[in-house]
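Chains as they are written, first to last, in my numbering: chain A, 1 to 531; chain B, 1001 to 1058. Don't be surprised by glycine CBs; every beta carbon is placed ideally from N, CA and C. Quick caveat, the model's predicted, so the values are computed rather than measured.
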Amino acid sequence: MPPMPGRAGIHLPREERHHRQPVTAPAPLPTGPGGLLALCFLGTARAALAATVLGVVCLGLWVAGLALAAPPGLMLFLGLVVLPVGVLGLPVTGVLLGQRLPADYRQLGLRPQLHLWLNGPRLRRWALPPGAWAEPGLRRYAPLIVAHERRLARLSRGARAALAAELIRSLPSALSGAEAAASIEEALSRIERWESAADGLPPVGAKLYLGHDPMSRRAARVRRTVSRLGIISDRLNYFWHGQVLLLPPARSYRTLALLIDALVDLGVADPGRPLPLQITVQGDLEDEAKWIAFAQLLASGLDLSLAGPERGGDEGNIIARGRVSPEPVPGVPPDPSRTDFLFSLVWSPVPELAAAGYADQHTRDLRVVQHLAAALLAARAGRHTGALEQRLAAIWREFVTALSAACADWGLAEVVQARYLDEPFVAVQPYLEALLSRKAAAPELVAAARRARDQALALTELALAVHRLAAPGGLRYLRIGWIDGREEVRGRLSRGLKRVRRAIRAGARVALLTRGGDTLTVLLDTPASPR
Amino acid sequence: MATKVSPLPDRFGVRRTGEPDRLIPPPVVPQETPAPAPTPMPAPTRAKQSAVRHARVG
């Protein structure tokens, strides 16, 4: 479903609700003399070398003219045109042209950049991250991919990176053009479905924190590798002494999870160590975002310990207000604020924990953060909002009430009432230690946190799905069926939705939602069914 | 208060591994089934109706 103006989701201020987000078409590849000039001056070392060579050549020409007693006109030309242009004009132009190139292109090595320059006219526009074209499997089928340029231009940068990852995995094994075209269509359609199904949710981004030295050869290899997916590597981060990968934003948590899995498969992680994952959500969630972190920390099956004391000059927290404005995402009105969640880890590089069922823990964290953040944003939007926002706000209040009651029952009232947003680590460390140690001693607290979280997630997903399905023409009736073939009921929509919500609170789950005419059909799965 | 942030997760260690937290699968929402097109109404036969009206009036 393409993004529609006026349905930009629950995270908008009212006056921006009808903002039409322009499509962020990829920029054209650098080609021709201008492109070559930009390539010569990308990066400090290359620019210095190119400027030196140009200066030596131009000066050499001028000196040769003097030595050979060249005609005065020629000497004038050399002195007034060739020297200034060669020593100053070309280097400055080259540097300025190079700065306009995207960061992920600048991080590619010289060879792939030269290759892209040579193939630029054939590839026309960057439908995918430029580094992806360095893959022979993709290059071979470039015309088939570029044929979908308009669809690709509507995707977020995260979705294009995920698509590049999928195509890099699947295309090399394609035996024919028809098979390749089918792979491209399948991957593109799948990611498009994920992204359009996230209508109403705030965009999500992520950062992965790698443990190795950012100045090492390993880091340089990782940087070149991830550039193929359009992912930027941060070389210097004051607060983290390793390499940081900046994942581009996407509309759907599934897209970002796919990208993270692809990065782990590419070998960016140290085997045996988890990867700290920062999840970023567009929008200012304020201190209430802590409830989302509490829910996931309590619901996790891991008994965690907290290391300390605080390192000098190093402050951290489970939630933070991001300083840099999030990158706009097509189809979603921009918001200058963002909230970072720092409780999650990617466990798939740790074989024992991956085998124990934690390989997709980061996918669960992303899904919960994105959906509960949508509910929280609706709650913060205030009273003058639409029916969807009011429903989501009610879900959020119910979730916080249930979780805070469970925490209070287990003596954590002070822990959950403390302020976390932008607080230093020393202030929150005792609270987090209390939370984790209480959780280790109380399986009932874990169960209660999971119940509150599961209900909020299910109700949020139901509300968003109903909202999306209701869009063209409106719904009037709801038909409820059960997956084991039990009773089927058809009634008015609002009454039916109340019944579905009651069932969710009793532990049922919504397996399927379809629309036929003005009737919504909901298929419920019983609590006793195996998951 | 400074708003600098370091990634807190590097402080988490794992003491014990319990039953993983498994989320319920998200609901499946296939493409919307379009409403069936309404059956077109037959064109009215005006000559027949006016004959009936004239007959009643008459």
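Between the alpha carbons of A/Pro336 and A/Thr280 lies a gap of roughly 13 Å. Rounded to whole angstroms, the gap between the alpha carbons of A/Gln429 and A/Ala127 is 46 Å. Looking only at A/Arg193, A/Leu229 and A/Ser183, the smallest Cα-Cα distance to A/Arg160 is reached by A/Leu229. For A/Glu389, the number of other beta carbons within 10 angstroms of its own is at least 16, and it is reported as buried. Rounded to whole angstroms, the separation of the alpha carbons of A/Leu302 and A/Leu457 is 21 Å.
Here the alpha carbons of A/Arg391 and A/Leu298 stand approximately 25 Å from one another.
Counted as a single uninterrupted DSSP element, the beta strand (DSSP E) harbouring A/Asp340 occupies residues Arg338 to Val346. For A/Pro249, the enclosing beta strand (DSSP E) has its first and last residue at Val244 to Ala250. With respect to chain B, the C-beta atom of A/Glu461 has a partner C-beta closer than 8 Å. Only residues of its own chain outside the window of five on either side were considered, and among them Arg490, Thr519 and Thr521 have a CB closer than 6 Å to the CB of A/Arg479, listed in chain order. By the rule that beta-carbons nearer than 8 Å mark a contact, A/Thr526 does not touch chain B.
A/Arg321: not part of any alpha helix (DSSP H); member of the beta strand (DSSP E) spanning Ile319 to Arg321, first to last residue. For A/Tyr431, the nearest beta carbon of chain B is not closer than 8 Å to its own beta carbon.
For A/Val510, the residues of chain B that pass the 7 Å Cβ criterion are Pro1027, in the order they occur in the chain.
Neighbours of A/Gly357 in chain B, taken as residues at a C-beta separation under 9 Å, are given in chain order as Thr1017, Glu1019, Pro1020, Asp1021 and Arg1022. DSSP places A/Gln282 outside any alpha helix (DSSP H); the residue lies instead in the beta strand (DSSP E), whose first and last residues are Leu275 to Gln282.
Contact between the segment 349-360 of chain A and the segment 236-255 of chain A is absent, with fewer than three C-beta pairs closer than 8 Å. For A/Ser196 against A/Pro330, the beta-carbon gap comes to about 11 Å, at or over 8 Å, which does not count as contact.
Excluding sequence positions up to five before and after A/Arg254, its CB lies within less than 6 Å of the CB of Trp194, all in the same chain and listed in chain order.
The criterion of a C-beta distance shorter than 8 Å is satisfied by A/Gln370 and A/Pro202.
As DSSP reads the structure, A/Arg479 sits in a beta bridge with A/Arg490 and A/Thr521.
Note on geometry: alpha-carbon atoms of A/Ser300 and A/Gly211 lie some 23 Å from one another. Cβ-Cβ distances below 7 Å link A/Leu74 to Gly65 in the same chain, with the five nearest sequence neighbours on each side left out; the list follows chain order. By a beta-carbon distance limit of 8 Å, A/Leu108 contacts A/Ala134. Their separation comes to about 7 Å.
Against chain B, the CB of A/Asp454 has a partner CB under 8 Å away; the residue lies at that interface. Chain B places no beta carbon closer than 8 Å to that of A/Arg338, leaving this residue out of the contacts. The Cβ atoms of A/Ile483 and A/Leu523 lie closer than 8 Å to each other.
Going by C-alpha positions, A/Val400 is about 40 Å away from A/Pro214. If you draw a straight line from the Cα of B/Gly1018 to the Cα of A/Val204, it comes to about 29 Å.
Within the segment 448-477 of chain A, not a single complete alpha helix (DSSP H) segment reaches 4 residues in length.
Rounded to the nearest whole angstrom, the C-alpha separation of A/Leu304 and A/Leu435 is 10 Å. Secondary structure at A/Ala206: strand, using DSSP grouped into helix, strand and coil. Rounded to whole angstroms, the Cβ separation of A/Val415 and A/Ile292 is 15 Å, and the two are not in contact under 8 Å.
In the structure shown, A/Leu302 falls within a strand segment according to DSSP collapsed to helix, strand and coil. Under a 10 Å Cβ-count criterion, A/Lys498 is classified as exposed, with fewer than 16 other Cβ atoms of the shown protein chains found around its own Cβ.
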